[in-house]
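Worksheet for the structure shown next.
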Amino acid sequence: MPTTPRTVSDVIRARYDALTRAEKRLAESLLENYPVSGLGSITAVAESAGVSTPTVARMVQKLGYKGYPEFQANLRSELEETLSNPIAKHDRWTASAPNAHVLNRFADAIMANMRQTLSDLDPQSFDEVAALLSDRKRSVHFVGGRITGALAEYFFTHMQVIRPNTMLMSSGARTWPQYVLNMNAGDLLVVFDIRRYETEMIKLAEMTKSRGGTIILFTDQWNSPVAKFAHHIFRIQIEAPSAWDSSVVTLFVVEALIEAVQSTTWDETRERMKTLEGLFQQTRLFRKPNE
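Using our numbering, the final residue of the sequence shown is 736, and nothing's skipped along the way.
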């Protein structure tokens, strides 16, 4: 199965080193407020970047597009994808759905998502995030949106066992200033934000960065606006033949990070687990085999 097409931002980043100085300035301008920054006229885009219109025309062709109209068409298509609501997604998938059983269609989509995500994921960045999460001197805050809040809670529940100073932030933005108030420089904020990006997340990221916090973002292939404040970004393929986006690959990356942190700090984690098991026995939370 072919991999998911790359976004325009992927193409820009992949070919950035081959661009001229003026083209690099244009590329940086386009990525600054992506994808909206590329939706104006060629003259407006050139003026915004401080380059000439021929520079814009040359760069889009160097990126592999036939011309500026095709370049913009790709940007508009991406913008439509990020704004897709569940009904629109369902209708789009249904119109092109193959006759294969839904299990096969889902399996094919998820495996394609996994392959593309892993091909784009930088192992060094993954290791750096695992090291940050293992650092007991840093507190870790987790937050997600209406759907991704479940992923944030799942991550938090495991990390709470592995290490101290972990907090799950509520989905209500009214409580966020109190959490930010107690963040110190270097503390971590783990954000889950996928398309139909939640407007309040970017304000939380901005406040956290202003306090010296380090932001780890889990997002989709189109990139949440939170990315402009994030220090580490996991861009994960989420498309599925459904009205809903898939969380399978996101959960895979989360569980891999949990294992990486757990292995790095196993001696301390094991002692915490022993203590926790004793507490479970006191509360009789779990049923014993002979009961």
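All C-beta atoms, glycine included, are put in the ideal place defined by N, C-alpha and C.
Here the structure is a predicted model, which is why all the values come from computation and not from measurement.
Sub-8 Å separation of residue i and residue j beta-carbons
| i | j | result |
| --- | --- | --- |
| I647 | V671 | yes |
| L596 | G589 | yes |
| T664 | A575 | no |
| L633 | T593 | no |
| V585 | T611 | yes |
| S691 | I487 | no |
| T606 | L721 | Residue identity differs from the one stated: residue 606 is Val in this sequence, not Thr. Cβ atoms of V606 and L721: closer than 8 Å. |
| N668 | Y479 | yes |
| G657 | A630 | yes |
| S616 | R583 | no |
Closest by C-alpha distance to residue i, when choosing among the options
| i | options | result |
| --- | --- | --- |
| M614 | T728, E716, Y624 and E468 | Y624 |
| S564 | Q666, L548, A491 and F731 | Q666 |
| F571 | A545, E515 and I661 | I661 |
| A459 | K507, S486 and Q726 | K507 |
| I457 | E684, F516 and G631 | F516 |
| S454 | A688, R591 and E477 | E477 |
| E716 | A685, P609, E704 and P622 | P609 |
| R560 | R641, I683, T728 and W621 | I683 |
| F587 | W621, N519, T562 and E573 | W621 |
| R466 | R503, R451, K719 and P568 | R503 |
| S655 | Y642, R641 and N627 | N627 |
| Q569 | A705, D553 and R521 | A705 |
| L464 | A489, R451, T452 and G509 | G509 |
| T562 | L649, R451, P499 and K511 | R451 |
| F524 | F601, P499 and R641 | It is Leu, not Phe, that sits at residue 524 in the sequence shown. Per the Cα distances, R641. |
| D580 | L566, T714 and G723 | T714 |
| R521 | T728, A489, V481 and E643 | V481 |
Inter-residue CB distance, residue i and residue j (contact presumed, cutoff 8 Å)
| i | j | result |
| --- | --- | --- |
| V694 | N549 | Contact flag wrong, Cβ pair sits at about 18 Å. |
| G485 | L475 | That pair is no contact at about 11 Å. |
| F674 | E651 | 6 Å |
| V501 | A491 | 5 Å |
| A688 | F551 | With 8 Å as the limit, A688 and F551 do not qualify as a contact, their Cβ atoms being about 13 Å apart. |
| I703 | H546 | 32 Å between Cβ atoms; not a contact. |
Worksheet item: Touching or not, the stretch 671-682 and the stretch 690-698, by the rule of three or more beta carbon pairs under 8 Å?
Response: yes
Worksheet item: Considering only residues of the stretch 621-685, which uninterrupted beta strand (DSSP E) runs meet the minimum length of 3 residues and lie entirely inside it, listed in chain order?
Response: 633-637, 659-665 and 677-681
Fill in: Touch test, the stretch 490-502 against the stretch 463-470, Cβ-Cβ under 8 Å, three pairs minimum
yes
Discussion item. If we require 4 or more residues per run, which alpha helix (DSSP H) segments fall completely within the stretch 448-513?
Written reply: 453-459, 466-477, 487-494 and 498-507
Item to complete: Ignoring anything shorter than 3 residues or poking outside the stretch 567-628, list the beta strand (DSSP E) runs there in chain order.
Response: 585-588 and 611-613
Worksheet item: In chain order, which continuous runs of the alpha helix (DSSP H) of length 4 or greater are located wholly inside the stretch 711-735?
Response: 711-728
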